[in-house]
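Here the sequence shown is numbered in the UniProt record's numbering, starting from 1 and rising by one per residue.
By construction, the Cβ of each residue, glycine as well, lies at the ideal position given by its N, Cα and C atoms.
See structure below.
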Amino acid sequence: MARNKYANSDHLADFETLWTIFLDMVRQYSTRIIAFADALDECTTQRQAFLDALRSLPEDIDIRFCVTSRNYPNIDRAFTDLNSLKFQKVGMTPEDDITKYLQASVDKHEELHSYRKDILEKVPRHGTGIFRYAVRNLNVFCSD
Numbered sequence: 001m002a003r004n005k006y007a008n009s010d011h012l013a014d015f016e017t018l019w020t021i022f023l024d025m026v027r028q029y030s031t032r033i034i035a036f037a038d039a040l041d042e043c044t045t046q047r048q049a050f051l052d053a054l055r056s057l058p059e060d061i062d063i064r065f066c067v068t069s070r071n072y073p074n075i076d077r078a079f080t081d082l083n084s085l086k087f088q089k090v091g092m093t094p095e096d097d098i099t100k101y102l103q104a105s106v107d108k109h110e111e112l113h114s115y116r117k118d119i120l121e122k123v124p125r126h127g128t129g130i131f132r133y134a135v136r137n138l139n140v141f142c143s144d
């Protein structure tokens, strides 16, 4: 087991050690693994190491990654470099996500139907991609 193999390691904060442990764990499964790496843009110290690790994924591992990040040019370029059959970029802005949430919420609350156009135009624009802003404002609209 990977945990026992590295139990006495003093380097658990080291990315290479953690990546090796991760790959050892993944190899224990005979089915495809789906891994999520959220907020890559917030990873400032090990981002390049993670991207390099993705570039050199061993062929014997059947894994898919879902990586989320704000749309920053340097991260976008990094994934453009990774563009192959292994990697597929799905472009979705925070505003898209917010708009989908707002549409579903407005549809669910009949009292908001008459304000639909204003909500769907103004809330995403003023929230500048911050999902919490949209949720908070919608909660205000729906409160008694």
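For this session: Can you check the region 38-107 for any alpha helix (DSSP H) of at least 4 residues that lies completely inside it and give the ranges in chain order?
Result: 47-55, 73-81
For this session: Under the assumption that I61 contacts L18 (Cβ atoms under 8 Å), give the Cβ distance between them as a whole number of angstroms.
Result: That pair is no contact at about 16 Å.
For this session: Starting from L112, trace the alpha helix (DSSP H) both ways and give me its first and last residue.
Result: No alpha helix (DSSP H) contains L112, which DSSP labels as neither H nor E.
Problem set entry | Nearest neighbour of V67, chosen from T20, Y115, D14, F36 [CA to CA] | F36
Exercise. What residue from Q28, F50, Y29 has the CA that sits closest to F79's CA?
Worked result: When Q28, F50, Y29 are compared, the shortest CA-CA separation from F79 is found for F50.
Problem set entry | Residue from P73, S69, S56 whose Cα sits closest to the Cα of D38 | S69
For this session: Alpha carbon to alpha carbon, how far is E16 from S105? Give it in angstroms, no decimals.
Result: 43 Å
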